[in-house]
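K.L.:
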Amino acid sequence: MDCQNLVFSRHAIQQMFFRQISQPEVQAVVAYGEIIEENPDDTPFPSYLLFDLIKGRPIHVVFSYDESTETGYVVTAYIPDLNLWSDDFRTRRSS
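Counted the way the numbering used here counts, the sequence shown spans residues 557 to 651.
1. Below 8 angstroms on the Cβ atoms is my guess for L638 versus R648; work out the distance and round it to an integer in Å.
2. DSSP three-state label for I592, please.
3. Runs of 3 residues minimum, wholly inside the segment 599-651: which ones carry the beta strand (DSSP E) assignment?
4. Nearest CA to the CA of P636: which residue from D622, S565 and H616?
5. Grab the span of the alpha helix (DSSP H) containing Q571 for me, first residue to last.
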């Protein structure tokens with residue numbers, strides 16, 4: 557997603573630290589990652605689940621975007637769990 561400004565929530569920063577995901581890795585997912593889920597009705601802005609492989613490691617980023625200011629908000633970032641996600645990390649497994 558192309559955004560002029562990228563803001564990291566406090567929660568995102570804490571989770572990135574805990575999960576050992578760096579800010580440049582998250583920025584790469586936002587810039588080049590694939591949208592695997594869209595939530596256009598989320599408030600205050602539409603949100604997206606983004607996926608990319610960074611140095612061979614799968615990373616998901618929950619991201620919302622304010623089109624009027626071209627500002628992206630990183631809600632959280634995590635390494636997808638294979639118990640919850642398919643082998644390609646793009647589809648949730650059925651429970």
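By construction, the Cβ of each residue, glycine as well, lies at the ideal position given by its N, Cα and C atoms.
P.N.:
Walking through what the data contain:
1. Locating residue 638 in the sequence shown gives position 82, where the first residue counts as 1. Locating residue 648 in the sequence shown gives position 92, where the first residue counts as 1. Actually they do not touch by this definition, with Cβ atoms about 12 angstroms apart.
2. Residue numbering aside, residue 592 sits at position 36 when the sequence shown is read from its first letter. In this structure, I592 counts as strand in the three-state DSSP scheme.
3. 603-610, 613-622 and 627-634
4. Against the sequence shown, residue 636 aligns to sequence position 80. Closest by alpha carbon: H616.
5. In the sequence shown, residue 571 corresponds to position 15, counting from 1. Q571 -> alpha helix (DSSP H) spans R566 to R575.
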